[in-house]
Each structure stands twice: as C-alpha cells, then as structure tokens.
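Student: All the letters of the sequence shown, read from the start, carry residue numbers 1 to 416 under the UniProt record's numbering.
We treat Cβ as the ideally placed atom computed from N, Cα and C, and that holds for glycine.
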Amino acid sequence: MHYYTKPTPAVIAEAAPPSRLSHWSNIMTKLRKLNRPTGHRISMLRTMVSQLVKHERIETTAAKAKEVRRLADNMVQLGKEGTLCAARRAAAFVRGDDVIHKLFTELAYRYKDRAGGYTRVLRTRIRVGDAAPMAHIEFIDRENELRQSKPPAPQPPQRPALDPWTRSQLSRSFAPPKDVRIAEYNNVRSQLNAINIKQTGSLAVCDLSNLVAPEDLVTSEHLVTLIAVVPKFSQKDWLSSYETLTTYVVPRSSKNLHEDNEYAIYTVTLFVRDADNFRTKARERGFQIRDFEYNSETQESRKQELEKLIEDQESLRNSLLNWCYTSYGEVFTSWMHFCVVRLFAESILRYGLPPSFLSVVLSPSVKSEKKVGSILETLCSSSNSTFWKTEDDGGMGSLGGDADTHPYVSFTINLI
1 MHYYTKPTPA
11 VIAEAAPPSR
21 LSHWSNIMTK
31 LRKLNRPTGH
41 RISMLRTMVS
51 QLVKHERIET
61 TAAKAKEVRR
71 LADNMVQLGK
81 EGTLCAARRA
91 AAFVRGDDVI
101 HKLFTELAYR
111 YKDRAGGYTR
121 VLRTRIRVGD
131 AAPMAHIEFI
141 DRENELRQSK
151 PPAPQPPQRP
161 ALDPWTRSQL
171 SRSFAPPKDV
181 RIAEYNNVRS
191 QLNAINIKQT
201 GSLAVCDLSN
211 LVAPEDLVTS
221 EHLVTLIAVV
231 PKFSQKDWLS
241 SYETLTTYVV
251 PRSSKNLHED
261 NEYAIYTVTL
271 FVRDADNFRT
281 KARERGFQIR
291 DFEYNSETQE
301 SRKQELEKLI
311 EDQESLRNSL
321 LNWCYTSYGE
331 VFTSWMHFCV
341 VRLFAESILR
351 YGLPPSFLSV
361 VLSPSVKSEK
371 KVGSILETLC
381 SSSNSTFWKT
391 EDDGGMGSLG
401 GDADTHPYVS
411 FTINLI
C-alpha cells in the first residue's frame, strides 16, 4: 500500500490547475441537477465533499447527501491508490491542503481493508419551511458515529493458478464454435477487402478523402465546389465545355487534382442553385459528379475503424491458428491410432492367432529406404520365420497381380 504524504502548497497549486476540473465536470453531468446551474452545482458539491472529509459528518438534504456520497467514496478511493496521478485528481476537486492530507493518510489507512461503502446516509427530520427531508452523511468506522458499522466482509481466498495444460483445455471447452469464429473472420476480411477496393480502386469508386484537400473546396452560402470524374480521353472536351454546361459556373475554376490509368479528377465551382442542373448536364456528356464533403471527424473515424478491423482480423487469425495447431495434434494422434489398428488387423490376418509378433517404428532417410527394406526381408525370410514361405518352398510368395508382397507387414506414413 502506498501512502501519500502531505504535499506542499506549491505542489498543490501545480497539481490542481483549473483545466483539470473538466474531468470532474464530465462525471457530474451524470449526477442530479439539484435545481441549480452547472457552475453553482459543481462549486456546492466540491465544498460539501471537502467539509465532509474535514469534519467526517455533515447535515444536508437527502437528495444532496446521495450525490455527495458518490463523490466522497471516489475521493477515498483516490486516497487509497496513493499515486501522484490520484493526488492531482483529488486536488482538482476538493478544497484545502489539510483535506488532501487527510484523504491520503488517515482515511486511506482507515479503509485499507474495505472495498467500498465508506459513507452512510441517515435520514433525520423534515425541515421547517419547505418540508425538505434532511439527512446526516458521515464516514463509517470512526469515533462517535451515529450507528455502528458492520465489519468489512472477508475477502475470498485466492485460487491457485492453473497449469498451462488445464488452462488451454478450459479455453478450448468454453471457446466459441469453430464455425462462428470462421464466420467472424470472413466477415472482417470482407469488410477490409471492401475498404481496400475503395482505397485502391479506380477514381470512379475509390475514396477521395486522401486526394482532395480542404483548400481545394469552396463552400459558402452561394458557392459550392463539385468533384468531377472525367475519362482521360475526354479531358480536352471537359476543359472546353464545363463553363458552358450551365449558366452560373465560375470561369476557369476547374483544376486537375489527380489522374490514374482511366480517369482524372477535376474540381468546378458554381452557384448552389445551379448544382443539380450541372450534374444532369455533366451526366449527359459522360462526366461523373462524385458526392463528396470533407469532414475531419469523419476521416478520423474511418481511420480508427480501419485500425480496429486490422486488429480484429489479426486477433481472429491468431485464434484460428491456435485452434488449428491444437486440432492438428488431435487429428494426427487419431490418425496414428487408426494406422496402428490397421497394422494389427493385417498382422492377425497374416500370422494368425494368438498374436505373437514384434512391432517397431522406423524412420529411415529417403536414400536408405531400399536398404532398410532388404534388411527386413532378410530378417523375416523363410529361413528365419515359420510364417513365411517363398514359391520355391511351396508357399505363397505373392498374392498375384502387380502387388508387392513382403515377408513382413508394413505401413508407410509420409510426414510433410
């Protein structure tokens, strides 16, 4: 547990600039309005929390006490953290060096074993005049408290950490089905492919946010700038005719922004009231007018969306790879079991019952496969085995056809 020592006034002045009140202002927008303006309400709650920490009991209306309780519990939680960041956040709200010192020393030590619930609200009376319900709000576990508090609940014992094998088995047992993960991965990939098409496609369909700058557009009450996509073989036709397509076009306002193998992007400025007519006339001449509006917030949201999709794709891909690695081991093990069962059945059919034979696993190199085969044939020949006889001995040396028959039962497994 880190405890915060009482800071000097200079440190408090540095730790509580007025701009840090915006953090608490955002929090207090979720509280009750209490029939007061925002500035008055924030100042009143700051004062009441500071007085509660200083005197450890105050009397106010029940509605205010409920809001003060939430903020006071947050202050005690900051005191228990005991970090410099927590001290600055507390100093930006409460008033007085002695209040901050008490938060980070006395109250933090008193409630070190409690996880929450540092204050209580007790209704007392009905105020004369406006009949408002009054209440005491006080800190618990202190001297002269109005009601004895319950001891803190004992913390549950910590479970021992699971071993890696058990953790992997549990994660696989409670993981979503394979089909669901594959569907999610394919969905994210399709979204990324659609974004890539917009970014790398032709100028007729691609995203123009990276090609059009804010200074290229003129937007006012009466003027507007349109983006025209012109085929490369029609650029001269565009430059010679765009001013005469409609009446209210700004002369010499067209500018080439970008070109690719098929199209070129031009801007044209005209009056707002003539924009729809210009779109119709341009479409008749084979020119495409793209709807585009520059917005920095939209650009930032698209960038964040793209980054999130890339992260999701990588996360889903890693999950599927881990599943494949684990499933490959299970499939390979099952395959080995089937191979052993097949080899056992063929051996019983060859040598009969009871089973009395030797099983081995060999892993020769590619160059020595024939040599290993000849050695096995020598060891299992008719001179060394009573189960195998060649054609010269009157036995069945081959099964007919082109099948190769050996004096031993073997099964070849090719591992890639």
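1) Pick helix, strand or coil for I289, following the three-state DSSP scheme.
2) Taking the DSSP output, what are the residues bridged to N256?
3) What residue does the beta strand (DSSP E) around A228 start on, and which one ends it?
4) How would you label S50, buried or exposed, when you count the other beta carbons within 10 angstroms and need 16 or more for buried?
5) Return the bridge partner residues of M134 from the DSSP annotation.
6) Helix, strand or coil: how does DSSP classify L122 here?
7) Report yes if the CB atom of T119 is closer than 7 Å to the CB atom of A62, and no otherwise.
8) Which two residues bound the contiguous alpha helix (DSSP H) that contains residue 505?
9) Beta carbon of K236: closer than 6 Å to some heavy atom of the ligand ADP?
10) Roughly how many angstroms lie between the CA atoms of I375 and L349, to the nearest whole one?
11) Under 6 Å Cβ to Cβ from P214, same chain only, skipping five residues before and after it: list those, please.
12) Let's test the definition: count the other Cβ atoms within 10 Å of the Cβ of H40 and tell me whether it reaches 16, buried, or not, exposed.
13) Exposed or buried, what is residue 417 when buried is set at 16 or more other beta-carbons lying within 10 Å of its beta-carbon?
14) Between which two residues does the alpha helix (DSSP H) holding G96 run?
15) Counting Cβ pairs closer than 8 Å, one from the stretch 348 to 362 and one from the stretch 228 to 242, do we hit at least three?
16) In terms of alpha-carbon separation, which member of L223, A282, S209 lies closest to L239?
17) As a quick exercise: from R114, G117, Y185, A135, pick the residue whose alpha carbon is nearest that of S315.
18) What is the rounded straight-line gap between the Cα of F93 and the Cα of R46?
19) By a C-beta neighbour count over all protein chains shown, 10 Å radius and 16 as the cutoff for buried, is E262 buried or exposed?
20) Please list, in chain order, all residues of the same chain as L52 whose beta carbon is under 7 Å from its beta carbon, the five residues on each side excluded.
21) How long is the line joining the alpha carbons of Y408 and I182, rounded to whole angstroms?
22) Count Cβ pairs between the stretch 233 to 250 and the stretch 264 to 271 that sit closer than 8 Å; are there 3 or more?
23) How far does the alpha helix (DSSP H) with L379 in it reach, from first residue to last?
24) Would you identify the three-state DSSP class for V331, choosing helix, strand or coil?
25) For a test of the three-state rule: what should DSSP assign to V360, helix, strand or coil?
26) Helix, strand or coil: how does DSSP classify V249 here?
27) With respect to the alpha helix (DSSP H) encompassing V272, which residues constitute its N-terminal and C-terminal limits?
28) If you draw a straight line from the alpha carbon of D260 to that of S319, how long is it in whole angstroms?
29) Cutting at 7 Å between CB atoms, please list the residues of its own chain near A275, excluding the five before and the five after it.
30) Classify T60 as buried or exposed, calling it buried when 16 or more other Cβ atoms lie within 10 Å of its own Cβ.
31) Would you identify the three-state DSSP class for F411, choosing helix, strand or coil?
32) Can you say whether G395 is buried or exposed, counting buried as having 16 or more other CB atoms within 10 angstroms of its CB?
Tutor: In this structure, then:
1) Against the sequence shown, residue 289 aligns to sequence position 289. Here I289 sits in strand by DSSP.
2) Along the sequence shown, one-based indexing puts residue 256 at 256. Bridge partners of N256: Y266.
3) Locating residue 228 in the sequence shown gives position 228, counting from the first residue. Its beta strand (DSSP E) spans residues 223 to 231.
4) On the sequence shown, position 50 is the one that residue 50 refers to. With 16 or more neighbouring CB atoms inside 10 Å of its own CB, S50 falls in the buried class.
5) In the sequence shown, counting from the first residue as 1, residue 134 sits at position 134. Per DSSP, T61.
6) The residue given as residue 122 occupies position 122 in the sequence shown. The answer is strand: DSSP assigns L122 an E or B state.
7) Numbered from its first residue, the sequence shown carries residue 119 at position 119. Numbered from its first residue, the sequence shown carries residue 62 at position 62. Going by C-beta atoms, T119 is not nearer than 7 Å to A62.
8) What the structure shows of the chain is the stretch from 1 to 416, and residue 505 is not part of that stretch, so it cannot be assessed.
9) Only the bare structure without any ligand can be found here, which leaves the ligand ADP out of the picture.
10) Mapped onto the sequence shown, residue 375 falls at position 375. Mapped onto the sequence shown, residue 349 falls at position 349. Using only the alpha carbons, I get a separation of about 23 Å.
11) Looking up residue 214 in the sequence shown gives position 214. Excluding sequence neighbours, P214 sits near Y294.
12) Walking along the sequence shown from the start, residue 40 turns up at place 40. Counting Cβ neighbours within 10 Å, H40 comes out exposed, since fewer than 16 surround it.
13) The displayed coordinates of the chain run from 1 to 416. Any statement about residue 417 would go beyond what the structure contains.
14) Numbered from its first residue, the sequence shown carries residue 96 at position 96. Neither: G96 is in no alpha helix (DSSP H) and is coded neither H nor E.
15) These segments do not touch.
16) Counting from one through the sequence shown, the residue named residue 239 turns up at place 239. When only C-alpha atoms are compared, the closest one is A282.
17) The residue labelled residue 315 in the question sits at position 315 within the sequence shown. Taking only the C-alpha atoms, the option nearest S315 is Y185.
18) Indexing the sequence shown from 1 puts residue 93 at position 93. Indexing the sequence shown from 1 puts residue 46 at position 46. Distance between the alpha carbons of F93 and R46 is about 6 Å.
19) One-based indexing of the sequence shown puts residue 262 at position 262. Within a 10 Å sphere around the beta-carbon of E262 sit fewer than 16 other beta-carbons, which makes this residue exposed.
20) Taking the first residue of the sequence shown as 1, we reach residue 52 at position 52. So the list reads I58, V68, A72, I137, once near-sequence residues are dropped.
21) As a position in the sequence shown, residue 408 is number 408, starting the count at 1. As a position in the sequence shown, residue 182 is number 182, starting the count at 1. Rounded to the nearest angstrom, the gap between the Cα atoms of Y408 and I182 is 45 Å.
22) By the Cβ criterion, the stretch 233 to 250 is in contact with the stretch 264 to 271, since at least three pairs of Cβ atoms, one from each stretch, lie closer than 8 Å.
23) For the purposes of this step, residue 379 is taken as the residue at position 379 of the sequence shown. First-last of the alpha helix (DSSP H) with L379: 369 to 379.
24) Mapped onto the sequence shown, residue 331 falls at position 331. In the three-state reduction of the DSSP assignment, V331 falls in the helix class, which pools H, G and I.
25) For this step, residue 360 is matched to residue 360 along the sequence shown. Assigned with DSSP and collapsed to three states, V360 falls in coil, not helix or strand.
26) On the sequence shown, position 249 is the one that residue 249 refers to. Note: V249 maps to strand in three-state DSSP.
27) The count along the sequence shown starts at 1 and reaches residue 272 at position 272. That residue, V272, is in no alpha helix (DSSP H); it is neither H nor E in DSSP.
28) Position 260 of the sequence shown holds residue 260. Position 319 of the sequence shown holds residue 319. In this model, D260 and S319 are separated by some 39 Å (Cα to Cα).
29) Translated into positions along the sequence shown, residue 275 becomes position 275. If we look at A275 and ignore the five residues flanking it on each side, its Cβ neighbours are V224, L226.
30) As a working note, residue 60 is residue 60 in the sequence shown. Looking at its Cβ environment, which holds 16 or more other Cβ atoms inside 10 Å, T60 is buried.
31) For the purposes of this step, residue 411 is taken as residue 411 along the sequence shown, with counting starting at 1. In this structure, F411 counts as coil in the three-state DSSP scheme.
32) Residue mapping note: residue 395 aligns to position 395 of the sequence shown, counting from 1. Residue placement at G395 is poorly supported in this model, since its pLDDT is 47, which falls under 50; the coordinates are not used for a value here.
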